[in-house]
Structure formats: C-alpha cells, structure tokens
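Below: the structure, in structure tokens.
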Amino acid sequence: MLIELKNVSFTYMPDTPLAQQAIKNVGFSVRTGEFVGLVGPTGSGKSTLIQHFNGLLEPLAGEVLIDGRRIGSEISALLVRQKIGVVFQFPENQLFEDTVFKDVAFGPCNLKCSDEEIEERVRSALKMVGLDYFEFKDRSPFTLSGGEMRRVAIAGVLAMNPSCLVLDEPTSGLDSIGKREILTHLERLNKEHGLTIILISHDMNEIARMVDRVVVLNEGKIEFDGSPKEVFLKRDDLLKMGLDVPEYASLLIKLNERGFDVPLDLFELNEVKDSIVCALERRSR
Ligand SMILES: Nc1ncnc2c1ncn2[C@@H]1O[C@H](COP(=O)(O)OP(=O)(O)OP(=O)(O)O)[C@@H](O)[C@H]1O
Ligand SMILES: [Mg+2]
Numbered sequence: 022m023l024i025e026l027k028n029v030s031f032t033y034m035p036d037t038p039l040a041q042q043a044i045k046n047v048g049f050s051v052r053t054g055e056f057v058g059l060v061g062p063t064g065s066g067k068s069t070l071i072q073h074f075n076g077l078l079e080p081l082a083g084e085v086l087i088d089g090r091r092i093g094s095e096i097s098a099l100l101v102r103q104k105i106g107v108v109f110q111f112p113e114n115q116l117f118e119d120t121v122f123k124d125v126a127f128g129p130c131n132l133k134c135s136d137e138e139i140e141e142r143v144r145s146a147l148k149m150v151g152l153d154y155f156e157f158k159d160r161s162p163f164t165l166s167g168g169e170m171r172r173v174a175i176a177g178v179l180a181m182n183p184s185c186l187v188l189d190e191p192t193s194g195l196d197s198i199g200k201r202e203i204l205t206h207l208e209r210l211n212k213e214h215g216l217t218i219i220l221i222s223h224d225m226n227e228i229a230r231m232v233d234r235v236v237v238l239n240e241g242k243i244e245f246d247g248s249p250k251e252v253f254l255k256r257d258d259l260l261k262m263g264l265d266v267p268e269y270a271s272l273l274i275k276l277n278e279r280g281f282d283v284p285l286d287l288f289e290l291n292e293v294k295d296s297i298v299c300a301l302e303r304r305s306r
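Residue 306, in my numbering, is where the sequence shown stops; the numbers in between run on with no holes.
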C-alpha cells in the first residue's frame with residue numbers, strides 16, 4: 022500500500038475546553054495508481070485527514086504508513102513530504118518568488134539537486150500542467166491568471182517527483198475553462214504517468230467523471246468507500262448528509278425507479294443520452 026491509515030484519530034486542541042475531534046478511528050488505504058475522490062460535507066474532516074498523509078499532522082491515536090513504513094519512526098517526514106505531494110486550497114497564495122521558474126524550482130533546490138536536474142524538473146513539471154516553459158519561466162507569478170497561477174503551484178509540487186498528488190479543492194473559484202484545464206491535466210497525470218491522485222472536491226459531477234473510487238467522510242468517519250456507482254447509489258444517505266449526487270446519477274436513478282432499464286454508472290452526457298434513447302426504443306417495441 023502506498024498510504025495506509027490504521028485506526029487514526031485526531032483532535033484539535035486536545036485537553037482544552039475547545040477540543041474538537043476531527044478524525045474518528047479512520048482506517049483507509051490507497052494503492053499506487055489509484056485516482057481517489059475524497060468528499061464530505063463542510064467540516065467533515067477532509068482537509069484534516071489529508072494532512073496526515075504527509076506527516077503535517079500526527080495522529081493522536083493510530084498510525085500512518087507510507088509504503089508500509091511508519092511516518093516518523095521508519096520513514097522520515099522529509100522523505101514522506103517528497104513522496105506525497107499535497108496541494109492545499111488556494112495554493113497560488115503560497116507563490117512568492119519573482120519568477121515562475123524560481124517558484125517551481127523551490128522544492129528541487131531544497132533537495133539540493135544539480136542545476137541541470139532543477140531545470141529538467143521545472144520543464145517537465147510545467148509541461149505536466151500544460152504551461153509552455155519558455156513562455157512562462159521568466160514571468161512573475163503575480164501577472165498570471167488565477168488558473169495559470171494554480172497550475173504553477175501544482176507544478177511546484179510535481180517538481181518534487183512525488184508518487185502521489187493530493188489536492189484540496191483544486192478547481193474551487195475557477196471558471197469552467199480553468200476547471201477543465203486542471204482536470205484534464207490531472208487525468209493525464211494519472212492515466213499516462215501513473216501518478217496516484219487523491220482529489221477533494223465538493224463538485225460531484227467532477228468526482229464522478231474523474232475518479233475510480235469515492236471515499237465519503239462524515240463527521241470525521243468514513244461513511245462509504247467504493248466505486249462512483251456504488252457510492253452514488255446511496256443517494257438518500259448522501260442527501261441527508263448535505264451532499265449532492267451527480268446530476269446524471271440522479272436522473273438515471275429516477276428513471277430506474279420508474280421502470281426504465283438504464284445503467285446507473287454513466288457520468289458523461291453522450292452515454293447517458295444514448296442509454297435513455299435505447300431504453301425508450303426498447304419500451305416502444
Ligand atoms: N486549526 C484548527 N483548529 C481547531 N479546529 C479545527 C482546525 N481546523 C479544522 N478544525 C475543525 O475540525 C473539523 C474538520 O475540519 P476540516 O477543515 O478538516 O473539514 P473539511 O472537511 O476540510 O471542511 P471544508 O469542506 O469546509 O473544507 C471542523 O469541525 C473544524 O472546525
Ligand atoms: Mg477543507
């Protein structure tokens with residue numbers, strides 16, 4: 022297992038009147054190459070949970086293993102941070118260098134890579150997020166569009182050559198083109214480069230379209246963990262938690278309840294349309 026959490030619990034400000042248990046006895050693992058969606062209502066513990074993946078937060082109880090090694094005792098937090106790249110919400114706020122090159126190069130510089138290695142990593146990381154090296158390397162990050170800034174921030178994490186990329190709401194606040202650009206590159210990183218990805222999002226359409234597996238967190242506990250089809254069939258439970266289901270899933274479930282024989286695991290408009298046409302044709306025969 023690339024990431025394995027065993028009975029992890031975490032409390033903010035323990036032993037104080039303000040103590041807040043954010044993670045409750047969570048067991049969870051991620052295999053190399055998976056594309057996992059992490060969803061849950063606001064305050065359910067998603068951002069807290071992912072900070073355990075790279076040792077930024079230490080569990081109050083339980084343990085976190087990376088490649089089978091326990092963080093702290095068997096694998097150093099430094100190495101873990103290189104393996105598991107976490108892109109926090111609004112990562113563009115953390116850009117601070119005067120050129121895109123320097124910002125993306127920050128991690129590899131800290132790893133004491135050679136100049137050639139640094140340049141190679143910056144080129145390759147910018148390419149992975151679809152930004153042309155020569156066009157962008159000398160620009161100030163602050164002259165970029167919001168979507169471009171965010172892609173530079175993601176490139177900065179990719180330049181560490183992580184085995185896993187964890188992203189906390191990477192598309193929030195972007196327009197639909199900006200969103201699509203980020204998602205297309207994430208899809209490619211997973212399918213073509215074999216990068217393991219864990220994506221937090223509130224957009225269920227996005228989750229359904231992108232991921233192989235959905236993990237639902239509610240009040241600090243894992244409520245469901247399965248394929249998008251399995252999880253989104255729990256529509257009533259999800260709605261009760263305050264979560265949406267993908268629009269197409271909702272439509273197909275309703276048609277199914279009314280006796281139309283349509284599959285429930287389609288999340289692309291064309292497939293949904295074709296399946297409805299087929300079901301109507303079968304009915305009219
Ligand atoms: N630094 C902190 N100090 C104290 N409590 C915190 C802190 N950060 C988060 N919490 C609390 O822990 C719980 C989980 O918060 P977390 O940010 O992990 O949720 P989330 O699922 O990421 O929510 P959102 O979807 O709104 O980003 C919440 O009750 C929150 O108030
Ligand atoms: Mg959060």
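Heads up, the beta-carbon is just placed ideally off N, CA and C, and yes, glycines get one too.
Since we're looking at a predicted model, the values are computed, not measured.
In whole angstroms, what is the alpha-carbon distance linking Glu79 and Gly128?
23 Å
Tell me, please, whether the segment 153-164 touches the segment 181-200 by the rule of three or more beta-carbon pairs shorter than 8 Å.
no
In the DSSP assignment, what are the bridge partners of Ser50?
Glu25
For ligand 2, I want to know if Asp224 counts as a neighbour, meaning its beta carbon is within less than 7 Å of at least one of the ligand's heavy atoms.
no
Looking at Ser68 and ligand 2, is the gap between the Cβ and the nearest heavy atom below 7 Å?
yes
As assigned by DSSP and simplified to three states, the class of Lys242:
strand
When the Cα of Asn131 is compared with those of Leu99, Leu26, Pro62 and Glu25, which residue comes out closest?
Leu99
On the premise that Asp246 lies in contact with Val236, defined as a C-beta separation below 8 Å, what is that separation, rounded to the nearest angstrom?
5 Å
Suppose you measure from the CA of Arg234 to the CA of Ser305; what does that come to, to the nearest Å?
36 Å
Nearest to Pro112 (by Cα), restricted to the options Asn28, Gly167 and Val60
Gly167
Put Arg160 into one of helix, strand or coil per three-state DSSP.
coil
Please report the distance separating the alpha-carbon of Arg201 from that of Lys148.
16 Å
Looking at the unbroken alpha helix (DSSP H) that takes in Gly66, where does it start and where does it end?
Taken as a continuous stretch (DSSP letters only), Gly66 belongs to no alpha helix (DSSP H), as it is neither H nor E.
Just to confirm my understanding: we take Ile243, look at its own chain, exclude 5 residues before and 5 after, and list those with CB closer than 8 Å. What are they?
Val47, Gly48, Phe49, Val236 and Val237
Given Glu118, which residues of its chain have a CB within under 6 Å of its CB, disregarding the five upstream and five downstream residues?
Asp124
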